[in-house]
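Colleague: Add 45 to the 1-based position in the sequence shown for the numbering used here, that's all there is to it.
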Amino acid sequence: MINNNTETTVQTTRKPIVLVPTGAKEYGGHWYQLMGKKYLDPLVHIADCAPVMLPTAYGEDRIEQYLDMADAIFLSGASTNIDPTLYGQEWLTQDQAQDKGRDNFNIALIRAGLKRGLPFLGICRGFQELNVAFGGDLYQKVHETPGMQDHREKDSEAPLTEQYGPNHSIKLVPDTWLQKILGVNDMMVNSLHGQGVKTLGRGIVALAHAEDGLVEAAYCPEFSQFTLGVQWHPEWLATENPLSVKLFKAFGQAARDYSGQR
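(1) Can you tell which of Q298, R307, Y303 and F165 has the C-alpha that lies nearest to the C-alpha of A262?
(2) Give me, in chain order, the residues of the same chain whose beta-carbon lies closer than 8 Å to that of N151; leave out the 5 immediate sequence neighbours on both sides.
(3) In chain order, what residues of the same chain lie with their CB nearer than 7 Å to the CB of R307, ignoring the 5 residues before and after it?
(4) For N176 and D182, what's the separation of their Cα atoms in angstroms?
(5) Spatial neighbours of L288 within its chain, please: CB distance less than 8 Å, with the 5 preceding and 5 following residues excluded, ordered by chain position.
(6) Measuring CA to CA, which of T190, K291 and N212 is closest to K225?
(7) May I have the straight-line CA-CA distance separating R161 from L64, to the nearest angstrom?
(8) Could you tell me if L79 is buried or exposed, where buried requires 16 or more neighbouring beta carbons within 10 angstroms of its beta carbon?
(9) Starting from the C-beta of N48, find all residues in its chain whose C-beta is less than 7 Å away, skip the five residues before and the five after it, and write them out in chain order.
(10) Thinking A115 and L163 are a contact (beta carbons under 8 Å), I'd like their distance in whole angstroms, please.
(11) Starting from the C-beta of I118, find all residues in its chain whose C-beta is less than 6 Å away, skip the five residues before and the five after it, and write them out in chain order.
(12) Quick check on the burial criterion: 16 or more other C-beta atoms within 10 angstroms. Buried or exposed for A203?
(13) Under 8 Å: do the region 252 to 266 and the region 137 to 147 share three or more Cβ pairs, one atom per stretch?
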């Protein structure tokens, strides 16, 4: 028998849903669709969102259905490189794996999602995918490009805390929304990428540069919602980095704002 005088109602607040496409990986002859937990942690613990992982291995037919349930899009880094034929170049990094299913899926997801007004955050490869989606291209080997620094991790055999430690400084473009959110003019970032943005895609505008001029952050001002791609890895130990916390909180708020309009 229920005592109506003492009964309490537990209300569940809906968390914004963030679409997180996965990547293909082969282990022991079996293919998997994977996403690193380090990317999901700040979406849950800082942005306060509900990540939903999407398989990228089955084509783009279901993208609109995925977008119907979404409040934001998040694209992670990966060990694979984008197929250079998508930006008009020959394949120069054949020692690095590709993931064409991810390429095609994510490029279509970016275009359709941004058109709908969904907030977007792309990290490392995810930033590069954003650029390629709008007609930009990449340096396939930044470290072999005259005038450019080596942006790869200094020692791939070192402990992760060293690989993901501060590597070089970047300078934020003054008086931009990112500079105002972070509250700094320059900052130290980690750096674990061999490729980088060369020519910015249509409508994409830089928000930060490395010491050698490489674009480290950019957005799409033609879209009114939150859009951001960064070349470093703010997800690494994000709760211990005040600037990463600010970034993911801003993304989470953008997702909540979109959710409130549904």
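Using N, Cα and C, we set each Cβ at its ideal position, and we do this for glycine too.
Just so we're clear, the structure is a prediction, and the values are computed from it rather than from any experiment.
Modeller: Working from what's here:
(1) F165
(2) P66, T101, L120, G171, E174 and A178
(3) none
(4) 7 Å
(5) L227, V229, M232 and P279
(6) K291
(7) 14 Å
(8) exposed
(9) Low local confidence applies: a pLDDT of 47 at N48 is under 50, so the model's placement there is unreliable, and no value is given.
(10) 6 Å
(11) L64, G158, L163 and F165
(12) exposed
(13) no
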